[in-house]
Amino acid sequence: MSPLVSTFAGAALRPYGFTAGAGGPGPAFELIATTLISSTTSGGVTFSSIPATYTHLQARFVTFADNGYPLVIRFNGDTSSIYSEHDLTGNRSSVTSTSTSGTSGTFAYIFGNRAQHNGGTTIPAVGIVDILDYANTNKYKTARTFSGIVNSSTYEVGLWSANWRSTSAITSVSFNALAGWNFYSGTRISLYGVRGS
Amino acid sequence: MATAITPLANVTLGSSAMTVTFSSISGSYRDLYFVMNVVASSGGDSIRATVNSSSTGIGVEAYGNGSSALSSNSFGLISGANVTVESTDRNQLQFHILDYSATGKDKTSLTRFDNPSAGTVMTCTRFATTAAVNSVAFTFNAGASFNAGSTFALYGVSA
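Quick note, the sequences are listed as chains A and B, same order. Heads up: the first sequence at position 15 corresponds to 14 in numbering that gives the first Met the number 0, and the numbers run straight through without jumps. Heads up: the second sequence at position 27 corresponds to 26 in numbering that gives the first Met the number 0, and the numbers run straight through without jumps.
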């Protein structure tokens with residue numbers, strides 16, 4: 000159902016709802032999988048067996064996790080030290096840019112430099128991750144994230160750049176959970192495929 | 000497979016409007032994504048989103064204005080409180096409400112706002128309602144109007 004749209008003055012309203020044309024290569028933006036967590040889950044969330052049929056991937060997350068923890072990403076289950084990350088975050092007081100681990104990171108942060116999760120409350124962290132050219136075997140992989148949280152007394156909005164220095168096609172993406180922490184009920188992480196021409 | 004993003008509505012203002020409201024939003028999707036290209040009737044104002052007619056949000060912003068990078072309380076303004084919307088240049092906003100149709104959790108949004116003559120902004124805004132969002136209204140904080148020609152597109156993202 001299309002929403003009703005109104006203004007206090009005249010508007011040219013053009014509701015529509017098309018889908019990809021039949022016979023084409025498929026929708027340009029397609030859901031691959033969604034994980035909805037209904038009970039406390041440790042060890043993170045992994046999307047595996049990702050087909051190489053898209054040009055880019057996008058993940059969208061709404062996460063409840065242990066109080067005081069950030070969120071990190073890994074590719075293909077790789078725990079070797081070939082990740083690096085840079086961020087630009089604000090917390091109502093200042094803007095800060097940091098990098099983590101330089102050339103020795105075993106994961107990349109995508110949320111949680113200035114404020115972290117708030118435990119199993121009703122207040123989530125949210126974010127959108129674009130993983131570009133994930134299936135290309137001639138280049139290292141880069142992901143960009145826009146994420147944030149508005150806690151009761153701590154705040155963050157930020158941009159994150161993650162680099163995984165591998166030319167392997169990405170076939171799995173993990174949202175971890177550093178050792179010992181959990182995702183709580185209400186967490187939702189979705190993975191989408193974005194087609195090229 | 001079906002597309003995961005569905006255009007729901009597209010508004011081009013034929014004359015100026017104090018408020019643009021998207022109501023009776025279906026709960027069939029997971030996220031809402033608004034793309035806005037707007038001009039204000041007077042400069043120096045900021046855009047607020049009100050969900051379900053009552054929840055105006057609290058938030059944080061980070062912005063660059065050409066000389067400094069700063070962060071402050073956004074006071075729930077999705078365009079932030081410091082880089083304001085112009086009356087001459089086109090202003091661009093991309094506004095996401097994640098898990099808008101879910102219950103039991105506060106609704107949190109992410110916005111990228113660009114004023115080509117004044118700066119670039121990112122905001123995170125939390126609307127303290129655990130109810131599903133079924134309406135979103137956009138207004139200016141200090142009384143400006145959206146000029147004719149301003150555009151608002153709404154998409155539903157499935158999950």
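Where is the CB? At the ideal position from N, CA and C, for every residue including glycine.
Beta-carbon proximity list for residue i, same chain, < 8 Å, skipping 5 on both sides
i	result
Lys138 of chain A	Asp132, Thr166
Ser151 of chain A	Asn117, Ile122
Asp44 of chain B	Thr83, Val84, Phe139, Asn140, Ala141, Gly142, Ala143
Host beta strand (DSSP E) of residue i (start-end)
i	result
Ala180 of chain A	As written in the sequence, residue 180 of chain A is Trp, which differs from the Ala given in the question. Run containing Trp180 of chain A: none; DSSP gives neither H nor E here.
Phe145 of chain B	Run containing Phe145 of chain B: none; DSSP gives neither H nor E here.
His95 of chain B	90 to 97
Thr49 of chain B	46 to 50
Val61 of chain A	55 to 62
Tyr154 of chain A	154 to 163
Val132 of chain B	No beta strand (DSSP E) contains Val132 of chain B, which DSSP labels as neither H nor E.
Gly89 of chain A	82 to 89
Phe206 of chain A	Nothing about residue 206 of chain A can be reported from this structure: the residues present for chain A run from 0 to 196 only.
Gly126 of chain A	124 to 131
Alpha carbon of residue i to alpha carbon of residue j, nearest angstrom
i	j	result
Phe137 of chain B	Ser70 of chain B	23 Å
Thr144 of chain A	Asn162 of chain A	12 Å
Ile57 of chain B	Arg59 of chain A	21 Å
Leu56 of chain A	Ser38 of chain A	27 Å
Ala21 of chain A	Thr129 of chain B	Because Ala21 of chain A sits at a pLDDT of 35, beneath the cut-off of 50, its placement in the model cannot be relied upon, and the following sentence gives the value as read from the coordinates. For Ala21 of chain A and Thr129 of chain B, the distance between alpha carbons rounds to 38 Å.
Val193 of chain A	Arg29 of chain B	17 Å
Gly79 of chain B	Thr49 of chain B	14 Å
Phe106 of chain A	Val156 of chain A	20 Å
Ile96 of chain B	Gly76 of chain A	30 Å
Ser199 of chain A	Thr45 of chain A	Shown here, chain A extends from 0 to 196; a query on residue 199 of chain A therefore has no answer.
Ala61 of chain B	Trp159 of chain A	13 Å
Ala32 of chain A	Asp88 of chain B	40 Å
Lys140 of chain A	Ser92 of chain A	33 Å
Ser157 of chain B	Leu30 of chain A	7 Å
Asn98 of chain B	Leu35 of chain A	Note that residue 98 of chain B is Asp in the sequence shown, not Asn. Those two C-alpha atoms are separated by around 11 Å.
Phe7 of chain A	Gly13 of chain B	Because Phe7 of chain A carries a pLDDT of 42, less than 50, the predicted location of this residue cannot be relied on, and the following value inherits that uncertainty. In a straight line, the C-alpha of Phe7 of chain A is about 11 Å away from that of Gly13 of chain B.
Tyr32 of chain B	Thr110 of chain B	10 Å
Gly89 of chain A	Arg113 of chain A	7 Å
Gly185 of chain A	Thr2 of chain B	24 Å
Cys123 of chain B	Phe94 of chain B	10 Å
Gly42 of chain B	Ile130 of chain A	37 Å
Gly112 of chain B	Ser52 of chain B	Contrary to the premise, residue 112 of chain B reads as Phe rather than Gly in this sequence. Going by the C-alpha atoms only, they are around 23 Å apart.
Ser96 of chain A	Ala68 of chain B	10 Å
Pro26 of chain A	Thr54 of chain A	12 Å
7 Å CB neighbourhood of residue i in its chain, flanking five on each side removed
i	result
Val10 of chain B	Val19, Thr150, Phe151
Ser15 of chain B	Ser40, Ser144, Phe145, Asn146, Ala147
Phe28 of chain A	Tyr191, Val193
Lys226 of chain B	Absent from the structure is residue 226 of chain B, since the part of chain B shown begins at 0 and ends at 158.
Per-residue contacts from residue i into chain A (C-beta, under 9 Å)
i	result
Leu117 of chain B	Sequence check: residue 117 of chain B is Ala here, not Leu. The contacting residues do not exist; Ala117 of chain B stays about 17 Å from chain A at best.
Thr107 of chain B	Val61, Ile122, Pro123, Ala124, Val125, Gly147, Ile148, Val149
Beta-carbon neighbours of residue i, restricted to chain B and to distances below 9 Å
i	result
Ser189 of chain A	Ala3, Arg29, Asp30, Val156, Ser157, Ala158
When the options are compared against residue i, the one with the closest alpha-carbon
i	options	result
Gly65 of chain B	B:Ser25, B:Ile96, B:Val120, B:Ala3	B:Val120
Asn66 of chain A	A:Asn135, A:Ser173, A:Ile49, A:Thr153	A:Thr153
Ile81 of chain A	A:Arg73, A:Thr88, A:Leu87	A:Arg73
Thr78 of chain A	A:Arg164, A:Leu87, A:Asn181, A:Gly25	A:Arg164
Ser171 of chain A	A:Val94, A:Ile49, A:Gly89	A:Ile49
Ser25 of chain B	B:Gly75, B:Val34, B:Leu7	B:Leu7
Thr136 of chain A	A:Ala27, A:Gly185, A:Ala168, A:Ala142	A:Ala168
Ser134 of chain B	B:Leu153, B:Phe112, B:Asp113	B:Leu153
Val149 of chain A	B:Ser23, B:Ile46, B:Phe74	B:Phe74
Gly42 of chain A	A:Asn175, A:Phe110, A:Val94, A:Val71	A:Asn175
Leu92 of chain B	B:Gly63, B:Thr102, B:Ser86, B:Ile46	B:Ile46
Spatial neighbours of residue i in its chain, beta-carbon cut-off 6 Å, leaving aside the 5 residues before and after
i	result
Val61 of chain A	Pro123, Val125, Arg187
Gly23 of chain A	Here Gly23 of chain A scores only 48 on pLDDT, less than 50, and its place in the model is too uncertain to base an answer on.
Val37 of chain B	Asn90, Phe145, Ser149
Phe126 of chain B	Val50, Ser54, Gly56, Lys106
Thr99 of chain A	Glu84, Tyr108
Tyr183 of chain A	Thr39, Phe63, Gly119
Tyr68 of chain A	Gln115, His116, Trp180
Thr5 of chain B	Gly155
Ile198 of chain A	Only positions 0 to 196 of chain A appear in this structure, which leaves residue 198 of chain A out of reach.
Ser100 of chain B	Gly26, Ala131
Ala117 of chain B	Val82
Where residue i meets chain B, residues with beta-carbon distance less than 7 Å
i	result
Phe110 of chain A	Within chain B, no residue comes near Phe110 of chain A; the closest Cβ sits about 11 Å away, beyond 7 Å.
Asn90 of chain A	Val59, Ser70
Thr206 of chain A	Residue 206 of chain A falls outside the range modelled here, since chain A spans only 0 to 196, and no answer is possible.
Glu84 of chain A	Going along chain B, no residue has its Cβ under 7 Å from Glu84 of chain A, so there is no contact; the nearest lies around 17 Å.
Gly185 of chain A	Gly103, Lys104
Gly25 of chain A	Met0
Val94 of chain A	Ala61, Ala68, Leu69, Ser70
Per-residue contacts from residue i into chain A (C-beta, under 7 Å)
i	result
Asp113 of chain B	Ordered by position in chain A, no residue passes the 7 Å Cβ test against Asp113 of chain B, which lies about 14 Å from the chain.
Asp98 of chain B	Val61, Arg187
Arg47 of chain B	Simply none; closest approach about 15 Å.
Thr122 of chain B	Val156
Arg125 of chain B	Ile122, Val149
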